[in-house]
Amino acid sequence: MALPLIWTSSPVSTASEVSMHDNESRSSSPVDPHGPPSHHHEYYLEDEMSIFLVEGRLFKVHRYFLIRESEVFRTMFEMPPDANGIGGRTDEDAIPLLDVTLKEFSAFLKFVYHGMHTDRCFSLNDWTNLLSFSHRFFCDDIRERAIREIDAYTPVIDPVDKIVLGEKYDVLEWLYPSYEALCQRRSSITLVEAAKLGLTTTALLAQAREEVRACAGLVSYAYLGQGMQDQPLYDSTNVANVVRRVFAQLSPHARP
1 MALPLIWTSS PVSTASEVSM HDNESRSSSP VDPHGPPSHH HEYYLEDEMS
51 IFLVEGRLFK VHRYFLIRES EVFRTMFEMP PDANGIGGRT DEDAIPLLDV
101 TLKEFSAFLK FVYHGMHTDR CFSLNDWTNL LSFSHRFFCD DIRERAIREI
151 DAYTPVIDPV DKIVLGEKYD VLEWLYPSYE ALCQRRSSIT LVEAAKLGLT
201 TTALLAQARE EVRACAGLVS YAYLGQGMQD QPLYDSTNVA NVVRRVFAQL
251 SPHARP
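So the sequence shown is numbered by UniProt numbering: it starts at 1 and just counts up by one.
This is the structure we're talking about:
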């Protein structure tokens with residue numbers, strides 16, 4: 001591609017001619033009808049950097065993203081500093097993020113800095129770490145995005161893991177569908193799964209599974225000559241009703 005020319009074949013103007021031309025241009029320039037330039041209300045950024053300490057690792061990042069996405073950080077930086085200031089201006093004065101893992105904070109920063117371009121590079125663990133961080137730091141928009149991505153992730157997340165995540169991070173819409181899936185699963189709850197779910201949830205699931213099977217209705221039995229396998233048929237409406245009745249035993253604050 002040819003570059004634009006920055007010279008002409010016309011004779012070079014003298015210094016006096018250039019000065020005269022500039023004076024004429026200035027005198028003929030219209031007055032700016034908007035007056036003196038003012039700051040844009042949203043995109044004139046006066047940003048600062050802050051240093052955070054997470055699991056022995058220092059991060060230096062823009063406050064803008066933290067304030068924009070997190071109610072916790074927004075409140076932190078809006079509070080008047082004490083005599084020592086908010087901190088985070090030097091490595092020695094880094095702001096510690098307690099109970100935050102390196103993977104969680106890295107996933108959060110990866111998303112706010114690059115998420116709109118690299119979301120396809122996020123693994124299930126990345127989205128889970130992002131859900132954990134956004135839940136605790138009240139990043140509502142990011143939390144909703146993480147929930148949608150985990151819902152749509154392929155391969156589909158196991159119902160047991162979805163219950164664990166749903167209970168831990170208050171994603172209540174995951175619980176009943178996962179309970180129903182486990183009630184219709186042919187194999188019973190394993191010891192490993194029971195350890196993940198906890199005593200109460202495991203006991204209620206066992207009760208719900210028994211009730212679903214007791215009122216399953218028609219069962220399709222195999223005809224070995226036709227190569228068919230035994231496959232109990234569960235009515236989805238009945239399963240949903242059983243699950244809701246059984247899990248209604250949970251205390252109101254723990255109920256989906």
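We treat Cβ as the ideally placed atom computed from N, Cα and C, and that holds for glycine.
As the structure is a prediction and not an experimental result, all values here were calculated from the model.
Euclidean distance between Cα positions of N238 and V212 = 8 angstroms
May I have a chain-ordered list of the beta strand (DSSP E) segments no shorter than 3 residues that lie completely inside the stretch 182 to 206?
-> none
So, is P96 buried or exposed, given that buried needs 16 or more other C-beta atoms within 10 angstroms?
-> exposed
Who does M49 pair with in a DSSP beta bridge?
-> H62
Under the assumption that residue 311 contacts E69 (Cβ atoms under 8 angstroms), give the Cβ distance between them as a whole number of angstroms.
-> The structure shown does not extend to residue 311, since the chain is modelled only from 1 through 256, so no value can be given for it.
Considering only residues of the same chain and omitting the five flanking positions on each side of Q207, which have a CB-CB separation below 8 angstroms?
-> V246
Count the other C-beta atoms from every protein chain shown that fall within 10 angstroms of the C-beta of H41, then say buried if there are 16 or more, exposed otherwise.
-> exposed
Any idea what DSSP makes of P159, helix, strand or coil?
-> helix
Looking at I51 and L58, is the spacing between their C-beta atoms short of 9 angstroms?
-> yes
From V156, D170, H114, pick the residue whose C-alpha is nearest to that of L131; which is it?
-> D170
Residue span of the alpha helix (DSSP H) that contains R136, given as start and end = 124 to 136
Short check: CB of I150 to CB of I157, under 9 angstroms?
-> yes
Start and end of the alpha helix (DSSP H) containing D141?
-> 140 to 151
Leaving out five residues on either side along the sequence, give the residues of the same chain with a beta carbon under 8 angstroms from the beta carbon of L124.
-> I150, Y153, I157
With 16 other Cβ atoms within 10 Å as the buried cut-off, status of T39 | In the sequence as presented, Thr is not what sits at residue 39; that position holds His. H39 should be labelled exposed.
Local Cβ density within 10 Å of K162, reported as buried at 16 or more and exposed below that | buried
What is the C-beta distance between E180 and V243, in whole angstroms, given that I count them as a contact (C-beta under 8 angstroms)?
-> 5 angstroms
Pairwise C-alpha distance: F108 and A146 = 11 angstroms
Taking only the alpha-carbon atoms, compute the straight-line gap between M76 and A195 and give it to the nearest angstrom.
-> 38 angstroms
CA-to-CA distance, H135 to A248, given in whole angstroms = 25 angstroms
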